[in-house]
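Engineer:
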Amino acid sequence: MSQYGASNMGSISGTKKFGASTGFVDGGMGSTQFNNTQTSVVGAQQTTANLKGKLGALQEMINQLNEELNFHKKEVSILKSEKETLESVLTVKTQDVRKTLTNELFRVEEGMKRHYAHQKAENSRLQQQITTLKGEKTALEQQMLALQRRIAELEDQIGCDDD
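Residue numbers (the working numbering): 4 to 166.
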């Protein structure tokens, strides 16, 4: 029983009898009590209707919020899968770039080794040529000194004066 019905029932005084379907049967104040009870019942029904309307509106809001929440959960799920896809693509690209750079580094190092070996051989060849040329220069200087002495000896023998 609602709070309105309980309080009105408690305020009824005198000897009253329940009628079959009309409410209280009384002579003087009974009809006023009956009208108050009817008003209370109508008020209770309106309050109940208002509460039902509010509950319905709240339920609708909850449903809309649940739909939004589900939509956002799906969106988060999609974004997570896109993130994972991008991470895997970036991982593959990173590995590809690392492999390419490693191969390029190996190729450059091999090229440098070849050029270094070639330069070393060229340096050795040039050093041998320098040594050979120094030996030839020394031999030519010795020949020149020997020829200068010979010229001096011949001049002494001939008796030529330079004056």
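Glycine residues also receive a C-beta, built at the ideal position from the N, C-alpha and C atoms.
Within 8 Å: the Cβ of H121 and any heavy atom of the ligand PLP?
Structural biologist: Questions concerning the ligand PLP fall outside what the structure shown contains, since it holds no ligand whatsoever.
Engineer: What number of angstroms, rounded off, separates the C-alpha of E158 from the C-alpha of M147?
Structural biologist: Roughly 16 Å between the two C-alpha positions.
Engineer: Give the DSSP-derived three-state secondary structure of G162 in the structure shown.
Structural biologist: Coil at G162, not helix or strand.
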